[in-house]
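Just so we're aligned, residue 0 is where the sequence shown starts under numbering that gives the first Met the number 0, counting upward by one. Note that beta-carbon positions come from the ideal geometry of N, C-alpha and C, so glycine has one too. Quick caveat: nothing in here was measured; it's all calculated off a predicted structure. Structure, as structure tokens:
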Amino acid sequence: MNKKSTIFFLEPYVHISIGKAEILLWNTLNKKYVNIENDTYFSERIKKIRSKKNCGVIELDQSILLGKGNKKTLNEIRAKYIGDIIENLKGQKPVSIYPIAKLKTDFVVNKESDSPEGKKIVHLLNEITLHLNYYADDKIREGHKQFIYSIADKSTHEAVFGQISKLISDSKNSYLYNCNVMGGNILQYKSLNNLLPVLREHDFLKSFYFHFENFNFGLFENHFHKYYEDDKFNFNVFCFPSAIDGTKYQEILAFNEKHDIKLNIVFLVQSPGDLKKVTESISNNAFEIKPYYNGNNIGFFRKYVFPSEKEILKDENDTSMKDIFAKEAFNILHFGKIYVTPHGEVYSSFHEESIGNIRDSTLQELIYNAIFKRDIWLMRRNKVKPCKDCVYNFLCPPVHDYEFVMKRHNLCNVIF
Ligand code: SF4
């Protein structure tokens with residue numbers, strides 16, 4: 000290094016994303032960013048900064064730096080608090096610590112040393128979705144392959160209470176955070192009165208899902224009135240926007256108010272008209288919108304669901320360095336989640352093969368299979384095409400179920 004040199008560094012809160020055509024420098028604090036074309040003076044410097052041996056700093060060549068394009072890039076980087084330069088008068092190379100994600104050791108599961116019998120592996124479980132029965136109505140075909148939704152099937156088979164109760168009890172050594180309970184009509188599930196006290200014994204959230212069409216106020220009250228005050232019990236009703244004009248919808252709102260139970264309404268929307276109806280009609284009620292892909296409404300998704308480059312980079316994108324580290328390590332949407340059908344088959348994703356059946360597999364075996372024999376828990380956006388070459392891969396949501404249904408990973412309006 001020369002006696003006097005100009006040292007360039009990037010701030011530790013800046014996300015560096017190297018794509019096929021460009022590099023993105025994203026300031027996670029003020030959400031400002033700079034795009035740098037690949038194969039330019041600066042892109043090469045930035046790649047070198049990331050190399051361990053450079054300790055987060057790189058020397059800049061003064062004469063090249065004076066060139067018009069480079070000066071402009073440097074000024075932009077400095078103005079957005081993304082990086083800076085210092086004059087190094089002493090000739091000693093400074094160090095800038097750039098954070099690198101490191102997983103806590105008790106989280107890491109090693110394929111060789113952790114057998115399916117290992118207790119530690121159940122720590123990875125954080126959500127169970129129990130399907131108690133099937134939904135004979137098939138207005139929403141394979142909705143369960145797009146989001147949390149009932150499995151449409153004419154079968155009258157029900158989940159075996161003893162098996163699901165064992166699964167719940169085996170999860171006591173995990174960090175289970177939430178248990179979704181759903182079906183075609185869970186109020187008709189024969190063992191519901193046995194299941195509810197079992198669920199109550201545990202500290203995790205219990206999220207129950209009903210269908211507007213077959214929601215029965217009397218049965219609901221009979222089964223759940225004891226749990227209205229329990230803040231670990233929450234209730235959701237799937238509803239089509241067309242129901243908003245009917246009297247039953249008003250009855251649900253009145254029931255909600257009378258019992259103060261905050262029934263969350265989950266609207267299944269498929270078109271701009273659906274969306275308009277929901278957004279115009281909803282006042283103070285708790286609600287959620289689930290866009291449903293019916294095979295013919297890609298235009299709706301393109302316009303209302305897929306983000307544009309501008310939306311990904313907007314100030315409201317609250318992706319932090321911590322989020323980025325988590326996204327680099329695993330699929331934060333799917334990790335730790337399992338789904339159990341009324342027949343006891345367990346999936347880490349309905350787009351992959353089953354990981355076992357609760358009838359004859361232990362929880363440890365199921366989790367072992369999910370992490371080592373299936374892909375979804377560790378399927379990160381930088382591992383799928385074309386997102387792996389896109390600079391926005393860790394600013395976008397993790398790989399999710401719609402992508403498998405639509406058979407493409409780039410559910411966005413970004414062209415690169
Ligand atoms: S979905 Fe993929 S291609 Fe689209 S912006 Fe995100 S990472 Fe890029």
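(message) Here's the rule I'm using: 16 or more other beta-carbon atoms within 10 Å means buried, otherwise exposed. How should Ala369 be labelled?
(response) Taking the sequence shown and counting its residues from 1, the one referred to as residue 369 is at position 370. Buried.
(message) Just checking Ile22 against ligand 1 - is the residue's beta carbon closer than 7 angstroms to any of the ligand's heavy atoms?
(response) Along the sequence shown, one-based indexing puts residue 22 at 23. No, ligand 1 has no heavy atom inside 7 angstroms of this Cβ.
(message) Spatial neighbours of Arg407 within its chain, please: C-beta separation below 8 angstroms, excluding the five flanking residues on both sides.
(response) If you number the sequence shown from 1, residue 407 lands on position 408. Contacts found: none.
(request) Taking only the alpha-carbon atoms, compute the straight-line gap between Lys231 and Cys395 and give it to the nearest angstrom. (result) Here residue 231 refers to the residue found at position 232 when the sequence shown is read from its first residue. Here residue 395 refers to the residue found at position 396 when the sequence shown is read from its first residue. One C-alpha to the other measures close to 30 angstroms.
(request) May I have the straight-line CA-CA distance separating Ile96 from Pro11, to the nearest angstrom? (result) Counting from 1 along the sequence shown, the entry for residue 96 is found at position 97. Counting from 1 along the sequence shown, the entry for residue 11 is found at position 12. If you take the alpha carbons of Ile96 and Pro11, they lie about 7 angstroms apart.
(request) Could you check how far apart the C-beta atoms of Phe299 and Leu262 are, in whole angstroms? I think they sit under 8 angstroms. (result) Stepping through the sequence shown from its first residue, residue 299 is reached at position 300. Stepping through the sequence shown from its first residue, residue 262 is reached at position 263. Actually they are not in contact, since the Cβ atoms of Phe299 and Leu262 sit about 27 angstroms apart, beyond 8 angstroms.
(request) Measuring alpha carbon to alpha carbon, tell me which of Gln363, Phe371, Thr361 ends up nearest Glu351. (result) The count along the sequence shown starts at 1 and reaches residue 351 at position 352. Taking only the C-alpha atoms, the option nearest Glu351 is Phe371.
(message) Closer than 5 angstroms between the C-beta and any heavy atom of ligand 1: which residues qualify, listed along the chain?
(response) Cys386, Cys389, Tyr391, Asn392, Cys395, Asn409, Cys411, Val413
(request) Excluding the 5 residues preceding and the 5 following Asn69 in the sequence, name in chain order all residues of the same chain whose CB lies nearer than 7 angstroms to its CB. (result) Taking the first residue of the sequence shown as position 1, residue 69 is located at position 70. Same-chain partners within the cutoff: Tyr40, Phe41, Ile63.
(message) For the beta strand (DSSP E) containing Asp418, name the first residue and the last one.
(response) The structure shown has nothing for residue 418, since the chain only spans 0 to 415.
(message) Which same chain residues end up closer than 7 angstroms to His143 when comparing Cβ atoms and leaving out the 5 residues on each side of it in sequence?
(response) Here residue 143 corresponds to residue number 144 of the sequence shown, with the count starting at 1. Hits under 7 angstroms: Ser149, Ile150, Phe349.
(message) Tell me the DSSP secondary structure of His143 in three-state form.
(response) Your numbering for residue 143 matches position 144 in the sequence shown. It is helical.
(message) Rounding to the nearest angstrom, what Cα-Cα distance links Trp25 and Val33 in this structure?
(response) As a working mapping, residue 25 is identified with position 26 in the sequence shown. As a working mapping, residue 33 is identified with position 34 in the sequence shown. Rounded to whole angstroms, Trp25 to Val33 spans 7 angstroms at the Cα level.
(message) Between which two residues does the alpha helix (DSSP H) holding His408 run?
(response) Locating residue 408 in the sequence shown gives position 409, where the first residue counts as 1. His408 -> no alpha helix (DSSP H), and no H or E assigned at all.
(message) So, for Ile22: in the same chain, excluding its five sequence neighbours on each side, which residues have a beta-carbon less than 6 angstroms away from its beta-carbon?
(response) Indexing the sequence shown from 1 puts residue 22 at position 23. Excluding positions up to five away in sequence, the list reads Ile35, Ser42, Ile45.
(message) Relative to the C-alpha of Glu141, which candidate in Val413, Cys411, Tyr401 has its C-alpha closest?
(response) Locating residue 141 in the sequence shown gives position 142, where the first residue counts as 1. Closest by alpha carbon: Tyr401.
(message) Could you tell me the alpha carbon to alpha carbon distance between Lys19 and Ile414, rounded to whole angstroms?
(response) By one-based count along the sequence shown, residue 19 stands at place 20. By one-based count along the sequence shown, residue 414 stands at place 415. Answer to the nearest angstrom: the Cα atoms are 12 angstroms apart.
(request) Decide if Lys171 is buried, meaning its Cβ has at least 16 other Cβ atoms within 10 Å, or exposed. (result) As a working note, residue 171 is residue 172 in the sequence shown. Exposed is the call here.
(message) I'd like to check one pair, Gln145 with Tyr292: are the Cβ atoms closer than 8 angstroms?
(response) The residue you call residue 292 lines up with position 293 of the sequence shown. The residue you call residue 145 lines up with position 146 of the sequence shown. Result yes, Cβ atoms of Tyr292 and Gln145 sit closer than 8 angstroms.
(request) Count the other C-beta atoms from every protein chain shown that fall within 10 angstroms of the C-beta of His224, then say buried if there are 16 or more, exposed otherwise. (result) Walking along the sequence shown from the start, residue 224 turns up at place 225. Looking at its Cβ environment, which holds fewer than 16 other Cβ atoms inside 10 Å, His224 is exposed.
(request) Starting from Leu129, trace the beta strand (DSSP E) both ways and give me its first and last residue. (result) Along the sequence shown, read from residue 1 onward, the residue named residue 129 stands at position 130. Run containing Leu129: 126 to 130, per the beta strand (DSSP E) assignment.
(request) Could you say which of Asn221, Phe209, Leu166 lies nearest to Leu198 if we only look at CA atoms? (result) Translated into the one-based positions of the sequence shown, residue 198 becomes position 199. With distances taken between Cα atoms, Leu198 lies closest to Leu166.
(message) Once DSSP output is grouped into helix, strand and coil, what is the label at Glu10?
(response) Here the question's residue 10 lines up with position 11 in the sequence shown. Glu10 falls in the coil class under three-state DSSP.
(message) Please identify the residue among Phe8, Gly343, Arg380, Pro341 whose C-alpha is closest to the C-alpha of His333.
(response) As a position in the sequence shown, residue 333 is number 334, starting the count at 1. For His333, the nearest C-alpha among the options comes from Arg380.
(request) Note down the Cα distance separating Gly384 from Gln187, rounded to an integer number of angstroms. (result) Counting from one through the sequence shown, the residue named residue 384 turns up at place 385. Counting from one through the sequence shown, the residue named residue 187 turns up at place 188. The displayed chain sequence assigns Lys, not Gly, to residue 384. So the alpha carbons of these two residues sit roughly 44 angstroms apart.
(request) Whole angstroms is fine: what's the gap from Phe266's alpha carbon to Lys67's? (result) Within the sequence shown, numbered from 1, the residue matching residue 266 stands at position 267. Within the sequence shown, numbered from 1, the residue matching residue 67 stands at position 68. Those two C-alpha atoms are separated by around 54 angstroms.
(message) Tell me the rounded alpha-carbon separation between Asp202 and Glu157.
(response) The residue given as residue 202 occupies position 203 in the sequence shown. The residue given as residue 157 occupies position 158 in the sequence shown. If you take the alpha carbons of Asp202 and Glu157, they lie about 25 angstroms apart.
(request) Express the C-alpha separation of Ile147 and Ile337 in angstroms, rounding to a whole number. (result) Locating residue 337 in the sequence shown gives position 338, where the first residue counts as 1. Locating residue 147 in the sequence shown gives position 148, where the first residue counts as 1. Ile337 and Ile147: Cα-Cα distance of roughly 11 angstroms.
(message) Please tell me whether Pro306 and Val277 are closer than 8 angstroms, where the distance is taken between their beta carbons.
(response) Here residue 306 is taken as the residue at index 307 of the sequence shown, counted from 1. Here residue 277 is taken as the residue at index 278 of the sequence shown, counted from 1. Cβ distance not < 8 angstroms, so Pro306 and Val277 don't count as in contact.
(request) Compare the C-alpha of Val390 against each of Ile6, Thr5, Ser16, Leu9 and name the closest. (result) For this step, residue 390 is matched to residue 391 along the sequence shown. For Val390, the nearest C-alpha among the options comes from Ser16.
(request) Have a look at Phe106 and Gln363 and give me their C-alpha separation to the nearest angstrom. (result) In the sequence shown, the residue the question calls residue 106 occupies position 107. In the sequence shown, the residue the question calls residue 363 occupies position 364. Reliability fails at Phe106, whose pLDDT of 49 lies under 50, so the model's placement of it is uncertain and no value is given.
(request) Classify Ile85 as buried or exposed, calling it buried when 16 or more other Cβ atoms lie within 10 Å of its own Cβ. (result) Within the sequence shown, residue 85 is the residue found at index 86, counting from 1. Ile85 should be labelled exposed.
(request) Report, in whole angstroms, the separation of the C-beta atoms of Ile185 and Phe209, which I expect to be a contact under 8 angstroms. (result) Taking the first residue of the sequence shown as 1, we reach residue 185 at position 186. Taking the first residue of the sequence shown as 1, we reach residue 209 at position 210. That belief holds up - the Cβ atoms of Ile185 and Phe209 are roughly 7 angstroms apart, short of 8 angstroms.
(message) According to DSSP, Gly499 sits in a beta bridge with which residue or residues?
(response) This structure does not reach residue 499, given that the chain is present from 0 up to 415, and the question cannot be answered.
(request) Assign Tyr133 to one of two classes, buried (16 or more other C-beta atoms within 10 Å of its C-beta) or exposed (fewer than that). (result) Residue numbering aside, residue 133 sits at position 134 when the sequence shown is read from its first letter. With 16 or more Cβ atoms within 10 Å of its Cβ, Tyr133 is classed as buried.
(request) Could you tell me the distance, in whole angstroms, from the CA atom of Lys403 to the CA atom of Leu410? (result) Taking the sequence shown and counting its residues from 1, one reaches residue 403 at position 404. Taking the sequence shown and counting its residues from 1, one reaches residue 410 at position 411. In the sequence as presented, Lys is not what sits at residue 403; that position holds Phe. Using only the alpha carbons, I get a separation of about 11 angstroms.
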